[in-house]
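Asker: Structure incoming, see below.
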Amino acid sequence: MSRVYNFSAGPSMLPIPVLERAAAEMLEYGTSGMSVAEMSHRSKDFEPIIAKAEADLRKLMNIPDDYAVLFLQGGASTQFAAVPLNLLPVGGTADYIVSGQFSGKAYEEAKKYGDVRLVATSKPDGFSYIPEVKREDINPDAAYVHICYNNTIFGTKYNYIPDTGDVPLVADMSSCIISEPVDVTKFAVIYAGAQKNMAPAGMTLVIVRKDLLGKARPECPSMLDWNIMAENGSMYNTPPCYTIYMAGLVYEWIESLGGLEVMKEMNAKKAALLYDYLDSQDYYIAPVRKDCRSMMNVTFVTGNADLDKKFASEAEKAGLKNIKGHRVVGGMRASIYNAMPYEGVEALVAFMKDFAKNNPK
Ligand SMILES: *Cc1c(COP(=O)(O)O)cnc(C)c1O
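Offset between the sequence shown (1-based) and the working numbering: plus 19.
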């Protein structure tokens with residue numbers, strides 16, 4: 020077997036102990052006589068799996084009891100519509116901060132449901148930083164404020180939690196969920212697709228303050244109605260059973276390491292290795308403003324599109340996979356989520372040094 024270092028932005032690497040456990044349990048889970056992939060979601064064997072996944076996540080993220088935890092389908096992109104359908108009353112308004120591609124999509128989607136307002140954007144500067152938004156910038160009548168906490172494509176992250184006063188703050192945390200502790204109580208809603216940092220694709224996590232449930236618009240499809248999903252324990256219909264099981268294994272793995280404080284230390288160490296190298300040389304350029312750098316997605320360019328292409332293809336051959344930047348920005352992007360080992364980043368930095376030496380500009 021030869022496993023590569025997979026720098027993909029998502030779906031992305033999973034921890035080896037999680038894959039080994041899933042492999043060991045593939046043919047028979049416990050004494051059930053079957054795989055989790057074959058189980059009824061309403062069975063005695065599956066019920067504890069989803070209950071434990073939720074309990075472990077609550078413990079890991081310190082999620083208070085007045086928040087519901089939902090395991091849904093449709094990806095984070097479905098939540099771009101679900102957020103206004105659940106929170107934006109007919110004739111109401113909402114505030115959006117656009118700091119990248121996904122928050123831009125969320126904003127465009129929300130426009131279908133009401134008069135939403137663009138509070139701030141870093142688009143004119145190539146999304147190279149996070150706009151600073153103050154309380155007085157927020158419309159106090161807005162139904163909510165939407166942000167994307169970590170911008171997967173551009174490699175930026177909020178270094179602050181916007182103060183929105185009494186206006187509920189909604190955050191897309193798809194690419195930074197469970198990478199470090201966050202104060203859940205500062206947010207009204209947190210949502211995240213599973214495939215960056217939690218599990219294989221197929222599940223979307225929604226954490227929502229319970230007082231916001233039950234306000235969905237009449238036309239909100241039942242499948243997108245958080246209240247219906249909460250009342251049915253995420254089982255209004257068949258949930259993504261196997262992905263929930265895998266997410267549960269990932270939560271257990273983080274707990275076994277020591278929880279999110281330890282996870283953050285490990286992630287910070289990996290990111291520092293790469294950023295310190297980037298800051299120490301002038302062959303590669305890191306386009307993101309330093310105080311907005313993401314710990315999960317690290318972007319850099321050589322400044323020459325042909326060299327960027329060569330870098331990505333030679334890295335691929337060296338077992339450093341999927342390092343090519345997103346098609347809208349080009350260059351390179353190393354996604355170094357929880358499951359990327361420190362050695363993977365060391366291998367990348369060594370490769371970068373060799374490449375710079377062998378390909379003078
Ligand atoms: C990947 C990603 C999305 C889209 O997720 P899907 O599950 O593919 O819909 C949305 N927001 C962010 C921040 C992402 O990283």
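For glycine and all other residues, C-beta sits at the position ideal for the given N, C-alpha and C. Predicted model, so just to flag it, every value in this text is computed and none were measured.
1. I want to check one thing, is the minimum distance from the CB of Ala129 to the heavy atoms of ligand 1 below 7 Å?
2. I'd like to know if Asn178 contacts chain B, where contact means its C-beta is closer than 8 Å to some C-beta of that chain.
3. Using 8 Å as the threshold, is the C-beta distance between Asn178 and Gly119 below it?
4. Would you check whether ligand 1 has a heavy atom nearer than 7 Å to the C-beta of Ala369?
5. Where does Asn378 sit, in a helix, a strand or coil, going by DSSP?
6. With a 10 Å radius around its C-beta and 16 neighbouring C-beta atoms as the bar for buried, classify Tyr361 as buried or exposed.
7. The beta strand (DSSP E) spanning Asp114 covers which residue range?
8. With distances taken Cα to Cα, identify the nearest neighbour of Leu224 among Val320, Gln92 and Tyr48.
9. Based on DSSP bridge pairs, tell me the residues matched to Ser31.
10. Is Gln214 a contact residue of ligand 3, with contact defined as CB to any heavy atom under 7 Å?
11. Pull up the distance between the alpha-carbon of Ala290 and that of Glu238, whole angstroms please.
12. Going by DSSP in three states, Lys10 sits in which element: helix, strand or coil?
13. For Ser9, does the three-state DSSP call read helix, strand or coil?
14. Determine the DSSP secondary structure at Asp373, reduced to helix, strand or coil.
15. I think Trp388 touches Leu89, with their Cβ atoms under 8 Å apart; what is that distance to the nearest whole Å?
16. Give me the residue from Tyr356, Asn341 and Asn251 with the minimum Cα distance to Gly349.
17. Per the DSSP calculation, Ser354 is bridged to which residue(s)?
18. For Leu33, I'd like the list of residues in its chain whose CB is within less than 6 Å of its CB, leaving aside the five on either flank, ordered along the chain.
19. In whole angstroms, what separates the C-alpha of Phe370 from that of Gly233?
20. Pop quiz: Ile116 and Val347 are said to be a contact at Cβ under 8 Å. What is the actual Cβ separation, rounded to whole angstroms?
21. With respect to the alpha helix (DSSP H) encompassing Ala266, which residues constitute its N-terminal and C-terminal limits?
22. With a threshold of 8 Å on Cβ separation, who are the neighbours of Ala375 within its own chain once the five nearest residues in sequence on each side are excluded?
23. Buried or exposed: which applies to Met20, given that a residue is buried once 16 or more other Cβ atoms fall within 10 Å of its Cβ?
24. Evaluate contact between the region 274-283 and the region 243-262, counting only Cβ atoms and requiring at least three cross-stretch pairs below 8 Å.
25. Rounded to whole angstroms, what's the CA-CA distance from Val82 to Thr204? Just pull it up for me.
Answerer: Here's the rundown:
1. Sequence index remark: in the sequence shown, residue 129 carries index 110 (1-based). It does not: the Cβ of Ala129 is nowhere closer than 7 Å to a heavy atom of ligand 1.
2. The structure shown contains no chain B; it holds only a single protein chain.
3. Numbered from its first residue, the sequence shown carries residue 178 at position 159. Numbered from its first residue, the sequence shown carries residue 119 at position 100. No, they are not a contact pair.
4. For this step, residue 369 is matched to residue 350 along the sequence shown. Exclusion of Ala369 from the 7 Å shell around ligand 1 follows from its C-beta lying no nearer than that to any non-hydrogen atom of the ligand.
5. Here residue 378 corresponds to residue number 359 of the sequence shown, with the count starting at 1. Asn378 falls in the coil class under three-state DSSP.
6. Here residue 361 is taken as the residue at index 342 of the sequence shown, counted from 1. So Tyr361 ends up on the exposed side.
7. Here residue 114 corresponds to residue number 95 of the sequence shown, with the count starting at 1. First-last of the beta strand (DSSP E) with Asp114: Asp114 to Val117.
8. Along the sequence shown, read from residue 1 onward, the residue named residue 224 stands at position 205. For Leu224, the closest alpha carbon among the candidates Val320, Gln92 and Tyr48 is that of Gln92.
9. Within the sequence shown, numbered from 1, the residue matching residue 31 stands at position 12. Partner(s): none; Ser31 has no beta bridge.
10. Absence of ligand 3 is noted for the structure shown, with ligand 1 being the only ligands found.
11. Reading the sequence shown from its first residue, position 271 is the one you call residue 290. Reading the sequence shown from its first residue, position 219 is the one you call residue 238. About 44 Å.
12. The chain is shown only over 20 to 380; residue 10 falls outside these bounds and no answer can be derived.
13. Beyond the ends of the chain as shown, which are 20 and 380, falls residue 9; an answer cannot be given.
14. Within the sequence shown, residue 373 is the residue found at index 354, counting from 1. It is helical.
15. Nothing about residue 388 can be reported from this structure: the residues present for the chain run from 20 to 380 only.
16. Indexing the sequence shown from 1 puts residue 349 at position 330. The option with the nearest alpha carbon to Gly349 is Asn341.
17. Along the sequence shown, one-based indexing puts residue 354 at 335. DSSP, once it has assigned bridges, lists Asn316 as partnering Ser354.
18. Translated into the one-based positions of the sequence shown, residue 33 becomes position 14. The residues are Ala358.
19. Along the sequence shown, read from residue 1 onward, the residue named residue 370 stands at position 351. Along the sequence shown, read from residue 1 onward, the residue named residue 233 stands at position 214. Between the alpha carbons of Phe370 and Gly233 lies a gap of roughly 53 Å.
20. Translated into positions along the sequence shown, residue 116 becomes position 97. Translated into positions along the sequence shown, residue 347 becomes position 328. Actually they do not touch by this definition, with Cβ atoms about 19 Å apart.
21. Taking the sequence shown and counting its residues from 1, one reaches residue 266 at position 247. Segment Cys260 to Leu276, the alpha helix (DSSP H) holding Ala266.
22. Position 356 of the sequence shown, counting from 1, holds the residue named residue 375. Taken in chain order, the residues that qualify are Gln300, Tyr302 and Tyr303.
23. On the sequence shown, residue 20 is found 1 positions in, with the first residue counted as 1. Exposed, by the Cβ-count rule.
24. no
25. Here the question's residue 82 lines up with position 63 in the sequence shown. Here the question's residue 204 lines up with position 185 in the sequence shown. Sequence check: residue 82 is Ile here, not Val. Cα to Cα, Ile82 sits roughly 8 Å from Thr204.
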